[in-house]
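S.K.:
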Amino acid sequence: MKQFAKNILVLGVTSALSLSFLNFSHAATYEVVDKGNAENLEYTYGKKQNNQGVMAVAGTNIYNFPVQFEHLSETDFNSIRSFALQFHDYQFGLDEIEDFDALKAGNPTANDLAWTKLFLQDRNSSSQNPNFEYQIVGDTVAMTNLGDSSQSSEIRIFDTGFDGTYSAGNVITRSTIDVIEGVTDSNIAFGTATAPYLAMPEFTDSSGNLHTHWVREHGQRGFFSPDNGLTIYPVLPIETRYGGGISAVFDMNENGSAVGYSSYKLSELREEYVLDEDGGCADPGVVDDIPYEICVQKVQSGMYYIQAFKATLSADNLVETEQLGLLVTPHVDDNRAFSSQALAVNNNGVAVGYAHGWDANDVTTPTSTQALSGSYAVIFKEDELGNKVVFDFNQLHYRFNTNSVFSFSRALDINDNGLAVGYTHEISTSVKKFFYVDTTVPESEMELITPKDFFTTSKSTAFAVNSTGIIVGEAEIESHNDSTNNPRRTAGFLYDTSNDAPVMTDLNTLLECNSEYNVLNASDINDEGLISATAVIKSDSYDAKGELRLDASGNAIRIDVVRAVLLKPITGGVIDDCSEVEEKVERQGASIGGIAILALFSLLGLRRRIFNK
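With this note's numbering, the residue at position 320 of the sequence shown is 325, and numbering never jumps.
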């Protein structure tokens, strides 16, 4: 599972002007209900909310990260000091190492704890840790918010103490990536999480050197919880050899059916390496220098072929699964890792997602090297005879000049009326655009509709659609040339397909004129019209130990943070005249470091990922 929030501290930047000044002409038709900061972390991100007001919330940048200092060497401590010296100008609120002796004694200042965590994150993602000899930083938390004024509370999925056990009040490893996707109306929470990395007994290599390696029981695994985290039901993958397999749960309907993906087959190349007695994990010379478990763990990425599946939690709490199929039927000698994922399911049991597809759309007898360079939005359903069918919305396929499979389109949600939404790419410009499609018509009549968005080159994605056909998502609102160093700002949007002349609406224009929130993304909308979103807001700044940061005058330092919010319709809401606010902004020349906020938001974009670490 890939690391969720590398270098996230640098992204909590201060700005000269509040983000509220970025909101111009508004219609006061929605009010913002702040889900509040969580107790032990800095950033929260709104996921799905059920019709009872329970919201799934993701969080990151955990305070008091439990560094295991006994596993750091003198060389490591010196590297931490050098790391801080090299990068302190790039990390907001951090200085060089303050107390080196206290750090080595395992009693760091908040500043030095932050640097140690950043150092571990850097090692986790670099070639300097090929054998998992550094503690793993997960830094991602699953939470639920019960609505009203309640504080979001954490759900512990598979994490344990460092001894592999757990009891209430124990310090847990924080090496897991816990992603909650949503909570059904019957209060079943669902999502995906990993097992913790635990230190193995000291290992002596063939040269007599001692090593500590960190190993986990399995990678990402889907889960259900019917009681707000007290009981966790894992969704076991179909293929589990050599590392436990992988599975994920992305959506669940009110009939108890969940969808996602599961490993179903091993990569022949990876298995050959594990069984190889000459340079592989079965070679005595190899396992003399690293434990067998670490040798296998090193090749977990790419170990499994994955396929969309449906999982059901039965009345006696057994998880039953079925595969949903692939878009293509490869040649018997074709060993490439063809995959599919189901990302959403409606209450009629119809699922949508994406799958690998041939470059040509009329292939009936593929060769063993049939050209394939794209993945496409699909629907998983049954035909009149009850046979599983995977149908491609795009129908026309294209050749992409890339070294990996290009994600041309994905279907991210489907409502009970069969309206599916997601994103595709325009062929002429390669710009990502949101779409909707009516799946109830005959296949020959299914057509992806890509409405006009904010401007021609604006990238947009539809994340959700409710039963009345209201779509929400995110879209770029700045038209300058997009680049890594100068990305475009995004805004959550609303698009009502039931209107005679629907238009894309920036959700920020539906808030009050002086709103302190700037909505970057809308991830879900329920049938009550309540929108789950993520916004930027000014907040007090806290250090790595969760203590309030103060300036030289003793005042709390304020920074921009991302926060899970609920957008609630205002009964009888009317358009406000915000021209004075707009003129004030123009006179003051309001601006903000967009790269920091957008980079942070991209890190928080958990939706529909395969995690390898």
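The C-beta atom is built at its ideal place from N, Cα and C for all residues, glycine as well.
Just the C-alpha distance for residue 365 and residue 298, rounded to the nearest angstrom, thanks.
M.R.: Each residue's Cα considered, the two are about 42 angstroms apart.
S.K.: Count the other C-beta atoms from every protein chain shown that fall within 10 angstroms of the C-beta of residue 432, then say buried if there are 16 or more, exposed otherwise.
M.R.: Answer is exposed; the Cβ neighbour count stays below 16.
S.K.: Indicate whether residue 169 and residue 194 have their beta-carbon atoms separated by less than 8 angstroms.
M.R.: Not in contact: residue 169 and residue 194 (Cβ atoms no closer than 8 angstroms).
S.K.: Whole angstroms are fine: how far does the CA of residue 161 sit from the CA of residue 251?
M.R.: Using only the alpha carbons, I get a separation of about 19 angstroms.
S.K.: Kindly list the residues whose CB is nearer than 6 angstroms to the CB of residue 72, restricted to its own chain and excluding five residues on each side of it in sequence; keep chain order.
M.R.: Answer for residue 72: 121, listed in chain order.
S.K.: Would you mind working out which of 296, 463, 384 sits nearest residue 498, comparing C-alpha positions?
M.R.: Looking at the Cα atoms, 463 is the closest of the given residues.
S.K.: Where does residue 515 fall in DSSP's three states?
M.R.: In this structure, residue 515 counts as helix in the three-state DSSP scheme.
S.K.: Would you mind sorting residue 198 into buried or exposed? The rule is 16 or more other CB atoms within 10 Å of its CB.
M.R.: Buried.
S.K.: To the nearest angstrom, how far is the alpha carbon of residue 219 from that of residue 400?
M.R.: The alpha-carbon atoms of residue 219 and residue 400 are separated by roughly 46 angstroms.
S.K.: At the level of alpha carbons, what is the spacing between residue 574 and residue 516?
M.R.: Their Cα atoms are separated by approximately 10 angstroms.
S.K.: Taking the alpha helix (DSSP H) that residue 109 falls in, what are its first and last residues?
M.R.: 105–109 is the extent of the alpha helix (DSSP H) around residue 109.
S.K.: Tell whether a beta-carbon distance below 8 angstroms holds between residue 526 and residue 539.
M.R.: Closer than 8 angstroms, so yes.
S.K.: Beta carbon of residue 424, beta carbon of residue 440: below 8 angstroms?
M.R.: Not a contact, by the Cβ cut-off of 8 angstroms.
S.K.: Which of the three DSSP states, helix, strand or coil, is assigned to residue 289?
M.R.: Helix at residue 289.
S.K.: Along the chain, where does the alpha helix (DSSP H) containing residue 276 start, and where does it finish?
M.R.: Note, residue 276: alpha helix (DSSP H), 273–280.
S.K.: Of the choices 47, 342, 396, 39, whose alpha-carbon is the least far from that of residue 550?
M.R.: Of the candidates 47, 342, 396, 39, the one whose C-alpha sits nearest the C-alpha of residue 550 is 47.
S.K.: Would you check if the stretch 116–131 and the stretch 140–154 touch, i.e. whether three or more CB-CB distances between them fall below 8 angstroms?
M.R.: At 8 angstroms Cβ cutoff, the stretches touch.
S.K.: Which residue's Cα is closest to the Cα of residue 206: 296, 151, 132?
M.R.: Ranking 296, 151, 132 by Cα distance to residue 206 puts 296 first.
S.K.: Between the Cα of residue 334 and those of 284, 325, 542, 374, spot the shortest distance and give me the residue it belongs to.
M.R.: Among 284, 325, 542, 374, the Cα nearest to that of residue 334 is on 374.
S.K.: Drop a sphere of 10 angstroms on the beta-carbon of residue 417, count the other beta-carbons inside from all chains shown, and report buried for 16 or more, exposed for fewer.
M.R.: Per the 10 Å Cβ criterion, buried.
S.K.: With DSSP as the reference, label residue 539 as helix, strand or coil.
M.R.: Residue 539 falls in the strand class under three-state DSSP.
S.K.: Just verifying my parser: in three-state terms, what is the DSSP assignment at residue 89?
M.R.: Note: residue 89 maps to helix in three-state DSSP.
S.K.: So who's on the other strand from residue 574, going by DSSP bridges?
M.R.: Per DSSP, 35.
S.K.: Starting from the C-beta of residue 532, find all residues in its chain whose C-beta is less than 8 angstroms away, skip the five residues before and the five after it, and write them out in chain order.
M.R.: Cβ neighbours of residue 532 beyond the five flanking positions: 56, 471, 472, 473.
S.K.: Please report how far the alpha carbon of residue 100 lies from the alpha carbon of residue 131, in whole angstroms.
M.R.: Looking at the two C-alpha atoms, the distance is approximately 23 angstroms.
S.K.: Rounded C-beta distance between residue 332 and residue 362? I'm assuming under 8 angstroms.
M.R.: Between residue 362 and residue 332 the Cβ distance is about 5 angstroms, and since that is below 8 angstroms, they are a contact.
S.K.: Leaving out five residues before and five after residue 261 in sequence, what residues of the same chain have Cβ atoms less than 7 angstroms from its Cβ?
M.R.: Same-chain partners within the cutoff: 317, 318.
S.K.: Scan the stretch 111–155 and note each continuous alpha helix (DSSP H) run of 4 residues or more that stays entirely inside, going in chain order.
M.R.: Taking only runs of at least 4 residues, the alpha helix (DSSP H) segments lying wholly in the stretch 111–155 are 115–129.
S.K.: According to the Cβ coordinates, are residue 37 and residue 572 closer than 8 angstroms?
M.R.: In contact: residue 37 and residue 572 (Cβ atoms closer than 8 angstroms).
S.K.: May I ask which residues mark the beginning and end of the beta strand (DSSP E) holding residue 67?
M.R.: It spans 60–67 - the beta strand (DSSP E) in which residue 67 sits, taken as one unbroken run.
S.K.: Could you name each continuous beta strand (DSSP E) segment of 3 residues or more that falls completely within the stretch 407–437, going from the start of the chain to the end?
M.R.: You should have 415–419, 424–430.
S.K.: Please report how far the alpha carbon of residue 594 lies from the alpha carbon of residue 460, in whole angstroms.
M.R.: Note that residue 594 has pLDDT 34, beneath the 50 cutoff, so the model's placement of it is unreliable and no number is given.
S.K.: Taking Cβ positions, are residue 267 and residue 239 nearer each other than 8 angstroms?
M.R.: No. Outside cutoff.
S.K.: By the 10 Å Cβ neighbour count, where 16 or more other Cβ atoms means buried, how is residue 293 classified, buried or exposed?
M.R.: Flag for residue 293 reads exposed.
S.K.: Classify residue 223 as buried or exposed, calling it buried when 16 or more other Cβ atoms lie within 10 Å of its own Cβ.
M.R.: Looking at its Cβ environment, which holds 16 or more other Cβ atoms inside 10 Å, residue 223 is buried.
S.K.: If you drop the 5 nearest sequence neighbours on each side, which residues of the same chain put their C-beta closer than 8 angstroms to that of residue 482?
M.R.: So the qualifying residues of the chain are 459, 463, 493, 494, 495, 496, 511.
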